[in-house]
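Protein chains in written order, with full-length UniProt numbering: chain A, 1 to 175; chain B, 1 to 175.
Ideal Cβ positions, reconstructed from N, Cα and C, are used throughout, including at glycine.
Protein chains: 2
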Amino acid sequence: MLRTVSDRTDEAREPGDEPMPPADSEQLLRLERQLCFVLHATSRAFDTLYRPVLAELGLTYPQYLVMLAVWEHGERSVKELGQSLRLDSGTLSPLLKRLEKAGFVRRERSPADERSVVVQPTEEGIALRERAGDIPRRILRATGLDEQQLSELHGALSNVTSALDKAAEEIDRRE
Amino acid sequence: MLRTVSDRTDEAREPGDEPMPPADSEQLLRLERQLCFVLHATSRAFDTLYRPVLAELGLTYPQYLVMLAVWEHGERSVKELGQSLRLDSGTLSPLLKRLEKAGFVRRERSPADERSVVVQPTEEGIALRERAGDIPRRILRATGLDEQQLSELHGALSNVTSALDKAAEEIDRRE
DNA sequence: TAGCAGTCGGTTGTGCACAATCAAATGACG
DNA sequence: CGTCATTTGATTGTGCACAACCGACTGCTA
Numbered sequence: 001m002l003r004t005v006s007d008r009t010d011e012a013r014e015p016g017d018e019p020m021p022p023a024d025s026e027q028l029l030r031l032e033r034q035l036c037f038v039l040h041a042t043s044r045a046f047d048t049l050y051r052p053v054l055a056e057l058g059l060t061y062p063q064y065l066v067m068l069a070v071w072e073h074g075e076r077s078v079k080e081l082g083q084s085l086r087l088d089s090g091t092l093s094p095l096l097k098r099l100e101k102a103g104f105v106r107r108e109r110s111p112a113d114e115r116s117v118v119v120q121p122t123e124e125g126i127a128l129r130e131r132a133g134d135i136p137r138r139i140l141r142a143t144g145l146d147e148q149q150l151s152e153l154h155g156a157l158s159n160v161t162s163a164l165d166k167a168a169e170e171i172d173r174r175e
Numbered sequence: 001m002l003r004t005v006s007d008r009t010d011e012a013r014e015p016g017d018e019p020m021p022p023a024d025s026e027q028l029l030r031l032e033r034q035l036c037f038v039l040h041a042t043s044r045a046f047d048t049l050y051r052p053v054l055a056e057l058g059l060t061y062p063q064y065l066v067m068l069a070v071w072e073h074g075e076r077s078v079k080e081l082g083q084s085l086r087l088d089s090g091t092l093s094p095l096l097k098r099l100e101k102a103g104f105v106r107r108e109r110s111p112a113d114e115r116s117v118v119v120q121p122t123e124e125g126i127a128l129r130e131r132a133g134d135i136p137r138r139i140l141r142a143t144g145l146d147e148q149q150l151s152e153l154h155g156a157l158s159n160v161t162s163a164l165d166k167a168a169e170e171i172d173r174r175e
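(1) With DSSP collapsed to three states, give me the class of R33 (chain B).
(2) What runs of the beta strand (DSSP E), each 3 residues or longer, lie entirely inside the UniProt domain "HTH marR-type" (32–162) of chain A?
(3) At the 9 Å Cβ level, is I126 (chain A) part of the contact set with chain B, yes or no?
(4) May I ask you to report which of helix, strand or coil DSSP gives P22 (chain B)?
(5) Since I believe L153 (chain B) is in contact with E147 (chain A) (beta carbons under 8 Å), could you give me their beta-carbon distance rounded to a whole number of angstroms?
(6) Does any residue of chain B have a CB that is nearer than 9 Å to the CB of V38 (chain A)?
(7) Establish whether the CB of A132 (chain A) and some CB of chain B are separated by less than 9 Å.
(8) State the Cα-Cα distance for the pair S93 (chain A) and A142 (chain A), rounded to the nearest angstrom.
(9) Using the beta-carbon of each residue, which ones in chain A are nearer than 8 Å to E75 (chain B)?
(10) Any beta-carbon of chain B closer than 9 Å to the one on F46 (chain A)?
(11) Should Q63 (chain A) be labelled buried (16 or more other beta-carbon atoms within 10 Å of its own) or exposed?
(12) CB L85 (chain B) to CB T42 (chain A), shorter than 9 Å?
(13) For chain B, is any of its Cβ atoms less than 9 Å away from the one on S151 (chain A)?
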């Protein structure tokens with residue numbers, strides 16, 4: 001059964017802790033479930049599309065993200081990579097080792113601070129950038145989005161993500 | 001304060017108000033990269049938020065998705081689960097075994113067709129549904145989205161996903 | 001009815017992702 | 001100087017995800 005959506009939800013929006021009163025839950029809950037599910041699905045759809053394209057270069061999608069960061073900045077510490085890509089060392093360490101073994105990056109301890117490891121592209125890694133040049137365009141076409149839609153979607157996802165981060169942070173603080 | 005991905009890029013271009021940007025590939029490529037990245041990030045942000053909540057029930061997020069499907073339909077074949085959740089048997093088989101070992105589902109070969117395996121909730125699995133009842137509401141609040149935004153985002157993601165699926169299908173057909 | 005192509009799950013191997021834990025280096029403080 | 005908390009990567013263990021492959025079952029067809 002389908003409830004009418006148009007019930008009011010107009011009350012004051014405290015970003016803090018509203019008890020979340022709406023009795024019209026059915027519809028909302030359905031939406032929540034669908035959102036989580038479709039997000040999952042979209043993520044995997046992207047992955048599926050990138051996979052064969054990147055395979056030509058010998059990269060996986062997360063490896064590609066790392067190479068993008070390294071190409072752009074010339075060199076990045078593991079910490080910086082982890083922050084910008086939202087990955088922890090348990091994920092990055094083996095991933096970077098695979099990239100090193102593949103010959104795309106060099107890893108070395110910083111002389112300034114022996115705790116940090118600096119990642120930089122090798123010659124081969126830099127050369128790879130050329131071969132990867134047309135990937136974004138190919139992917140872009142597949143999405144079927146124009147610039148407007150692209151940036152709207154990006155904005156919406158950014159907002160959700162930062163809301164979720166804030167919520168997680170909140171929970172963190174509570175213990 | 002915690003910044004997300006969408007931080008300003010190096011230049012001061014405001015997205016959305018391009019006058020007439022047909023040949024301006026740089027901007028487009030940047031958007032592509034950001035979209036893929038933020039999608040990845042959003043997916044993980046959701047996961048991070050769900051993780052501790054579901055841990056109370058002894059479920060992971062994909063397991064939760066399976067239970068949602070099973071709760072709703074009473075019983076589902078592995079094939080059906082795979083189709084609706086976009087998971088293949090290599091992922092589902094061990095996942096279902098873990099759910100079985102946890103006591104939430106039963107798995108048995110269909111008498112009608114010995115090839116297929118039917119999954120259904122146990123008593124304990126059905127009981128779990130009650131305890132999971134308030135999860136959507138808690139998550140929903142954390143997203144900070146109202147119903148309108150929620151369904152817009154859902155629509156946008158659905159469109160992208162089906163475009164990507166179509167593209168992948170296209171590629172498939174070409175070999 | 002005998003054979004065979006297609007369907008359905010399962011297994012194996014690789015890689016991503018996180019939690020928990022650890023060791024080494026650093027930096028602040030007495 | 002020595003102590004100790006912090007920072008930084010690495011390691012281990014669990015679970016998700018897919019590709020490639022296998023074996024059992026089904027259903028069609030010669």
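Reading it off the structure:
(1) helix
(2) 105–109 and 117–121
(3) no
(4) Because the pLDDT at P22 (chain B) is just 42, under 50, the model does not fix this residue reliably, and the value given afterwards should be weighed accordingly. Three-state result, P22 (chain B): coil.
(5) Not really, about 19 Å apart at Cβ, beyond 8 Å.
(6) yes
(7) no
(8) 32 Å
(9) Chain A residues near E75 (chain B): none, gap ~19 Å exceeds 8 Å.
(10) yes
(11) buried
(12) no
(13) yes
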